[in-house]
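To start, the structure under review is shown below, and the notes come after it.
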Amino acid sequence: MATYAIGDIQGCFESLQHLLKKCRFDPANDRLWLVGDLVNRGPHSLDTLRFVRDLGTAAVTVLGNHDLYLLMVAAGSGRRSKGDTLDEILNAPDCADLLDWLRHRPLCHCEGEFCMVHAGLLPQWTVAQARALAAEVEAALTGPAHQDFLANLWGSEPAAWHEDLQGWPRLRVIVNAMTRMRFCSPAGVMEFKTKGELADAPPGQLPWFEVPGRLSANDVVVIGHWSALGLRIEPNLLALDSGCFWGRHLTAVRLDDRALFQVDCSTCEDTA
């Protein structure tokens, strides 16, 4: 059995199919780890959602910011972004079932030496602590008050973690770190405006994974989210968003031996 971790798909269903063929993925024997952002921007979000859902236990996906955006829009919370590609899902006859399935996906998945999360982990968090904090969000998202949770999810404050945070601010910080963060200060204060390359880091800010002494440094963190960062493979970091929607590549790494698989998205109908 092989496990393939795959970067942000964002509705690029044809690219995903080409990549799985290249990997010789067999759902009866292999597993997929998907770093989140299954939907939005690309043209085939509905096909992507249905396909991943129908893989059952052969696929594990964590929630990304675009996946949460879909859930917020469907709940009537948050503002629609110009050019989003969610209407096909929202108008689908199985929309309610798909959203219910998506709402029950984890925010963080840990197994063996690996921890998969969409964006990153704050430097003060161990992997075990991050998994426990993710469980708080998952309980809110799957519980009877999930509509209230989605209505209070939008926003970038507070920008730092404190143990004494409670209620919606506490959950918002956890979600923002795990689904939106790129740069933060050594003290873990997050900055959300900058989306560029490492050289674009604001003063006093570092890529979260380069903060000295971060407590998750001894685990292998698997992420997506940061297309400007591109593919980055290090002993304790697999950053897999290689910009498929932007016409670059969709990437898979076989976790068992770190073999790399990529497809060129520049000529695919997903991005044409």
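The numbering of the sequence shown is this note's numbering, which starts it at 257 and goes up by one. All residues carry an ideal CB built from backbone N, CA and C; glycine is no exception.
Compute the Euclidean distance between the alpha carbons of LEU276 and LEU377, then round it to the nearest angstrom. 28 angstroms
By Cβ distance, which residues of its chain are closer than 8 angstroms to PRO371, with the 5 residues on each side in sequence left out? Contrary to the premise, residue 371 reads as Cys rather than Pro in this sequence. Hits under 8 angstroms: CYS364, HIS365, LEU377, VAL383, ALA386, ARG387, SER472, ASP475, VAL476, VAL477 and VAL478.
From THR341, ASN321, GLY480 and TYR260, residue whose alpha carbon lies closest to that of ALA222: Given that the chain is displayed from residue 257 to residue 528, the structure contains no residue 222 and the question cannot be resolved.
Taking ARG297 as the reference, give the member of LEU487, ARG309, GLU394 and GLY499 with the closest Cα. GLY499
Just to confirm the assignment, what range does the alpha helix (DSSP H) spanning ASP303 have? 301 to 310
If you draw a straight line from the alpha carbon of ALA528 to that of SER522, how long is it in whole angstroms? Residue confidence is low: ALA528 scores 49 on pLDDT, short of 50, so the model does not pin down where it sits. No coordinate-derived value is stated.
Thinking ALA508 and ILE262 are a contact (beta carbons under 8 angstroms), I'd like their distance in whole angstroms, please. 5 angstroms
From the DSSP output, read off the bridge partner residues of TRP289. For TRP289, the pairing in a beta bridge is given by DSSP as ALA261 and VAL316.
Suppose you measure from the CA of VAL318 to the CA of SER333; what does that come to, to the nearest Å? So the alpha carbons of these two residues sit roughly 21 angstroms apart.
Cα-Cα separation, LEU409 to ALA401: Straight-line spacing of the CA atoms in LEU409 and ALA401 works out to 13 angstroms.
In three-state DSSP terms, what is ASP404? helix
On a Cα-Cα basis, can you pick out the residue from VAL467, ALA284, PRO349 and GLN266 that is closest to LEU324? GLN266
Hey, how far is the Cα of ALA415 from the Cα of LEU342? 28 angstroms
Mind reading off the beta-carbon distance from THR304 to ALA375? Whole number of angstroms is fine, and I expect it under 8 angstroms. Not a contact, Cβ separation roughly 20 angstroms.
Assuming LEU419 is part of the alpha helix (DSSP H), what are its boundary residues? The sequence shown places Glu at residue 419, rather than the Leu named in the question. First-last for GLU419: undefined, no H or E at that position.
Neighbourhood of GLU453 by C-beta, 6 angstroms cutoff - its chain only, sequence neighbours within 5 removed: ALA484
Would you tell me roughly how many angstroms separate the C-alpha atoms of CYS351 and LEU327, rounded to the nearest one? Within the model, the alpha-carbon separation for CYS351 versus LEU327 is close to 11 angstroms.
May I ask whether a heavy atom of the ligand NAP can be found less than 7 angstroms away from the beta carbon of LYS451? Questions concerning the ligand NAP fall outside what the structure shown contains, since it holds no ligand whatsoever.
Are the beta-carbon atoms belonging to VAL291 and LEU496 less than 8 angstroms from one another? yes
Under the three-state reduction of DSSP, which class applies to THR507: helix, strand or coil? Judged by DSSP in its simplified three-state form, THR507 adopts strand.
Using the C-alpha atoms, what's the distance from ASP286 back to PRO379? 32 angstroms
In angstroms, rounded to a whole number, what distance separates the CA positions of LEU355 and PHE405? For the pair LEU355 and PHE405, the Cα-to-Cα distance works out to about 15 angstroms.
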